[in-house]
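The sequence shown begins at 445 in our numbering and counts up one residue at a time.
The next block holds one structure in the form of structure tokens; read it before the comments.
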Amino acid sequence: MNRIKNLSTVFHALIIAMFVLSVNGCGYKKAPYYQDEAPTGDDNVKFIIKEPAK
């Protein structure tokens, strides 16, 4: 019985840890970086480039 209680405790600790880590996320993301001159593509690839907001 004691072994089942220990497994239950570990299982619940893992669930709580996974929940806390999922809520945390990856933190602050800075604004996107835009190049002044970006490539336009080639025969096989067409780039869609968004102009930065001013």
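Built from N, CA and C at the ideal position, the CB exists for glycine as well.
C-beta contact flag for residue 496 and residue 472 at 8 Å: Taking the first residue of the sequence shown as 1, we reach residue 496 at position 52. Taking the first residue of the sequence shown as 1, we reach residue 472 at position 28. It is not a contact, given that the beta carbons lie outside the stated cut-off.
Spatial distance of residue 476 from residue 456 (CA atoms): Counting from one through the sequence shown, the residue named residue 476 turns up at place 32. Counting from one through the sequence shown, the residue named residue 456 turns up at place 12. Distance between the alpha carbons of residue 476 and residue 456 is about 39 Å.
Taking the C-alpha atoms as reference points, what is the distance between residue 481 and residue 466? The residue you call residue 481 lines up with position 37 of the sequence shown. The residue you call residue 466 lines up with position 22 of the sequence shown. So the alpha carbons of these two residues sit roughly 37 Å apart.
When you compare only the Cα positions, how much space is there between residue 464 and residue 446? Here residue 464 refers to the residue found at position 20 when the sequence shown is read from its first residue. Here residue 446 refers to the residue found at position 2 when the sequence shown is read from its first residue. Taken atom to atom, the span from the alpha-carbon of residue 464 to that of residue 446 is near 27 Å.
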